[in-house]
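Contents: one structure, followed by commentary.
Numbering (our numbering), first residue to last: 1314 to 1977.
Encoded structure:
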């Protein structure tokens, strides 16, 4: 038996045989160069250019130990990501790994965290990029307009990067290659020239503060090495991904770890750390010493481009995460659409662009605060991913692993404990850390209602227990969920209710039943069918209170696939909120059709444009297609939208008509 979607897809194929499939395939055109370039741009974060001074403010020259430790961890985590992507080379990356390990809900939260981390990270990069750019040109902008111009330029960068990404992974690869090349040139120049300007006295005293603060320093530099997940999102677009991506991750992680330590070593050796911690753009100060007043601006522009390039990593990778979530109906399903020409997830890219701009506006000019939000969320996400290695070793021991991380049963646990310790030390040693951490947890928790909303919206199988639990709340909120004004408008679409037999297909808590019961008196009847026992108990109580004896109640958990056998012939059918859950629409409409006389009236009311953001479920988004589906099953209908506050109401109404005459 075909599902509603299968039936409707068949209908659509007959009408438009040349139409592209909604969810096409991504083009496999990424190779080792693209993956390495993406990983470099993603991993060389703002910490490389700001983190040295911040870490030194907590641990002095001993912060070098923090760089050394986090570098070793970086390489190992790259190995763990390599093992996971070799097992599951799909577009979802970390979401795919955690889905296979923990199940749907935990993996959604990890995907949600990853998406938030990516957007906050992009904001952090652009904030840092603007600081370096306008440090090069300090007197160009008037103070009154500096903030607005910086923000406008940042938004322009996001838009340009996203537009390029829409044109395909080849174009993105070229862009990433340029940015990664700039990053390598800048850091190699600073390191190679800086070695000849090191003053050993700058490393003394080596440990001016408590050794514990070395781990606090890690908190502020660990962001430098975030970004392994970016490469995993391109697995579906990479030839031989299970071998190429692990190799790229390990090599790039090792290179970035070495670069990070050498940069910190040179910067601390060139500039006294007590002077360094006072600088807002420490690399510019070091560049002035190394390259003079003419060379320093070039370095500053290079750092600006490097940080802008780090934003490009998220621009390329995060839409692939949205694509994976949308495929699993855990995000707006239209974001799974693939461009018919460029073979990129263009709707996900545009959505991601808008989200990045919003995050940038919220956090602009607050580098340290945004970094403090980013790091704990990212570490929690990475901890969840690291445990996937351990769990999957036991859960799927025979699953092919073209690449296998060493010490896979204990290494991820040790790294996770270090990450937990870093978060704990930050919380207990830094003033104001707890409120920021609570904000981070609150943002993560926002994913829970979003998950529930999307699950209920797209998956009828999970709705019945929830409807039973919230039936009383639904009753209290009925005037909000279906306002009296909308009810009045719907009922006015037809005349002559008196004496009619009406099937209410999905009675809910009796919101429409109350009106229909009055309108059909004295000789008519209402057959209230619902999939929730609790809803029907409320309806029955309300009818009894009003003294209505002509209402019949039918509980049917399977009404998403049928019309109950006890429903007799009826003159009219009303339904509110059921259409999007019906899984076999052809069967349901057919069973309604045989119970109705010619010219019998039908009316389906459905939520539309939820929160003015979420699109309508699948085929319901196309009014012409809705009319055609009803026509093919013997009904002539009109589709009308009634405007609401937080959502609209789609009303599909008409008559049973074998002639197929348009209903007006």
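Yeah, the Cβ is synthetic: ideal placement off N, Cα and C, and Gly gets one too.
Every value quoted in this text rests on a predicted model; they were computed, and no experiment measured them.
Whose C-beta lies closer than 6 Å to the C-beta of residue 1350 among residues of the same chain, with five residues either side of it excluded?
-> Here residue 1350 refers to the residue found at position 37 of the chain shown. Correct list, in chain order: 1489, 1490 and 1493.
In the DSSP assignment, what are the bridge partners of residue 1916?
-> Mapped onto the chain shown, residue 1916 falls at position 603. Answer is 1887 and 1966, bridged to residue 1916.
According to DSSP, what are the bridge partners of residue 1418?
-> Sequence index remark: in the chain shown, residue 1418 carries index 105 (1-based). The partner list for residue 1418 (beta bridge, DSSP) is empty, contrary to what the question assumes.
How many whole angstroms separate the CB atoms of residue 1757 and residue 1425, which I take to be in contact at a CB cut-off of 8 Å?
-> Indexing the chain shown from 1 puts residue 1757 at position 444. Indexing the chain shown from 1 puts residue 1425 at position 112. Yes, residue 1757 and residue 1425 are in contact; Cβ-Cβ is about 7 Å, under 8 Å.
Candidates 1438, 1963, 1478 and 1372: closest to residue 1935 by CA position = Here the question's residue 1935 lines up with position 622 in the chain shown. The candidate whose alpha carbon is nearest that of residue 1935 is 1963.
State buried or exposed for residue 1789, treating a residue as buried only when at least 16 other CB atoms are found within 10 Å of its CB.
-> As a first step, residue 1789 must be located in the chain shown, where it is residue number 476. Classification for residue 1789: exposed.
Validate contact between the stretch 1396–1407 and the stretch 1564–1574 using beta carbons, cut 8 Å, 3 pairs | no
Rounded straight-line distance, which links the Cα of residue 1486 to that of residue 1448 = Numbered from its first residue, the chain shown carries residue 1448 at position 135. Numbered from its first residue, the chain shown carries residue 1486 at position 173. If I take the Cα positions, the gap works out to 30 Å.
Report the rounded CA-to-CA distance for residue 1609 versus residue 1710, giving the unit in angstroms.
-> For the purposes of this step, residue 1609 is taken as the residue at position 296 of the chain shown. For the purposes of this step, residue 1710 is taken as the residue at position 397 of the chain shown. The straight-line gap from Cα to Cα measures roughly 54 Å.
Per-residue burial, residue 1884 [other beta carbons within 10 Å of its own, 16 or more giving buried] | Counted from its first residue, the chain shown places residue 1884 at position 571. Under the 10 Å beta carbon count, residue 1884 is surrounded by 16 or more other beta carbons and is classified as buried.
Is the stretch 1697–1713 close to the stretch 1464–1476, with three or more CB pairs under 8 Å?
-> Too few Cβ pairs lie closer than 8 Å, so no.
So does the stretch 1391–1402 actually touch the stretch 1660–1668, counting three or more Cβ pairs closer than 8 Å?
-> Below 8 Å, too few C-beta pairs join the stretch 1391–1402 and the stretch 1660–1668 to call them touching: fewer than three.
Just how far apart, CA to CA, sit residue 1299 and residue 1629?
-> This structure gives no information on residue 1299, because the portion of the chain shown stretches from 1314 to 1977.
Using 8 Å as the threshold, is the stretch 1679–1690 in touch with the stretch 1745–1753, meaning 3 or more CB pairs across them?
-> With three or more CB-CB distances shorter than 8 Å, the stretch 1679–1690 counts as touching the stretch 1745–1753.
What residues are listed by DSSP as bridge partners for residue 1816?
-> Along the chain shown, one-based indexing puts residue 1816 at 503. 1840 and 1886, per the DSSP bridge assignment.
Where does residue 1444 sit, in a helix, a strand or coil, going by DSSP?
-> Sequence index remark: in the chain shown, residue 1444 carries index 131 (1-based). Looking at residue 1444 - three-state DSSP - the assignment turns out to be helix.
If you draw a straight line from the C-alpha of residue 1736 to the C-alpha of residue 1421, how long is it?
-> Within the chain shown, numbered from 1, the residue matching residue 1736 stands at position 423. Within the chain shown, numbered from 1, the residue matching residue 1421 stands at position 108. Looking at the two C-alpha atoms, the distance is approximately 23 Å.
Continuous alpha helix (DSSP H) stretch holding residue 1953: start and end | Numbered from its first residue, the chain shown carries residue 1953 at position 640. Annotation: residue 1953 is outside any alpha helix (DSSP H); the continuous beta strand (DSSP E) that includes it extends over 1948–1955.
Does DSSP put residue 1317 in a helix, in a strand, or in coil?
-> As a first step, residue 1317 is located in the chain shown; it is residue number 4 there, counting from the start. Summary for residue 1317: the model assigns pLDDT 39, below 50, so the residue's position carries little reliability; its value from the coordinates is reported in the next sentence. It is helical.
Going by DSSP, which residues form a beta bridge with residue 1867?
-> Locating residue 1867 in the chain shown gives position 554, where the first residue counts as 1. For residue 1867, which the question treats as bridged, DSSP gives the partners 1842.
So residue 1917 packs on residue 1965, CB below 8 Å; how close in whole Å?
-> Locating residue 1917 in the chain shown gives position 604, counting from the first residue. Locating residue 1965 in the chain shown gives position 652, counting from the first residue. The pair is a contact, with the Cβ atoms about 4 Å apart (cut-off 8 Å).
Beta-carbon contacts of residue 1521 that lie in its chain and below 6 Å, excluding the five residues immediately before and after = By 1-based counting over the chain shown, the position of residue 1521 is 208. The answer, listed in chain order, is 1373.
Please report the residue range of the alpha helix (DSSP H) in which residue 1694 lies.
-> As a working note, residue 1694 is residue 381 in the chain shown. Residues 1680–1708.
Residue environment, residue 1971, which counts as buried when at least 16 other CB atoms sit within 10 Å = For the purposes of this step, residue 1971 is identified with residue 658 of the chain shown, where counting begins at 1. It is exposed - the Cβ of residue 1971 has fewer than 16 other Cβ atoms within 10 Å.
Would you kindly work out how many angstroms separate the C-alpha atoms of residue 1589 and residue 1581, rounded to a whole number?
-> Residue numbering aside, residue 1589 sits at position 276 when the chain shown is read from its first letter. Residue numbering aside, residue 1581 sits at position 268 when the chain shown is read from its first letter. When rounded, the distance between both Cα atoms is 8 Å.
Completely contained alpha helix (DSSP H) runs for the stretch 1538–1569, where each covers 4 or more residues = 1541–1545
Counting Cβ pairs, one atom from each stretch, are 3 or more of them under 8 Å apart for the stretch 1779–1787 and the stretch 1713–1727?
-> no
Where does the unbroken alpha helix (DSSP H) through residue 1860 begin, and where does it stop?
-> The residue you call residue 1860 lines up with position 547 of the chain shown. Where residue 1860 is concerned, there is no enclosing alpha helix (DSSP H), given that its DSSP letter is neither H nor E.
Under the three-state reduction of DSSP, which class applies to residue 1711: helix, strand or coil?
-> For the purposes of this step, residue 1711 is taken as residue 398 along the chain shown, with counting starting at 1. Correct three-state label for residue 1711: coil.
If we count the other Cβ atoms within 10 Å of its Cβ and call it buried at 16 or more, is residue 1587 buried or exposed?
-> As a working mapping, residue 1587 is identified with position 274 in the chain shown. Exposed: under 16 other Cβ atoms inside 10 Å.
Where does residue 1633 land, buried or exposed, given buried means 16+ other C-beta within 10 angstroms?
-> As a first step, residue 1633 must be located in the chain shown, where it is residue number 320. Buried, by the Cβ-count rule.
Tell me whether residue 1699 is buried or exposed, calling it buried when 16 or more other Cβ atoms sit within 10 Å of its Cβ.
-> Counting from one through the chain shown, the residue named residue 1699 turns up at place 386. Flag for residue 1699 reads buried.
Following the continuous alpha helix (DSSP H) through residue 1781, name the residue where it begins and the one where it ends.
-> Position 468 of the chain shown, counting from 1, holds the residue named residue 1781. Segment 1776–1782, the alpha helix (DSSP H) holding residue 1781.
Applying the criterion that 16 or more other CB atoms from any shown protein chain within 10 Å of the CB defines a buried residue, is residue 1744 buried or exposed?
-> Within the chain shown, residue 1744 is the residue found at index 431, counting from 1. So residue 1744 counts as exposed.
Quick one: Cα of residue 1787 to Cα of residue 1806, how far?
-> Counted from its first residue, the chain shown places residue 1787 at position 474. Counted from its first residue, the chain shown places residue 1806 at position 493. CA-to-CA, the gap between residue 1787 and residue 1806 works out to about 25 Å.
Pull up the DSSP beta-bridge partners for residue 1621, would you.
-> Residue mapping note: residue 1621 aligns to position 308 of the chain shown, counting from 1. Looking at the DSSP assignment, residue 1621 forms no beta bridge with any residue, so it has no partner.
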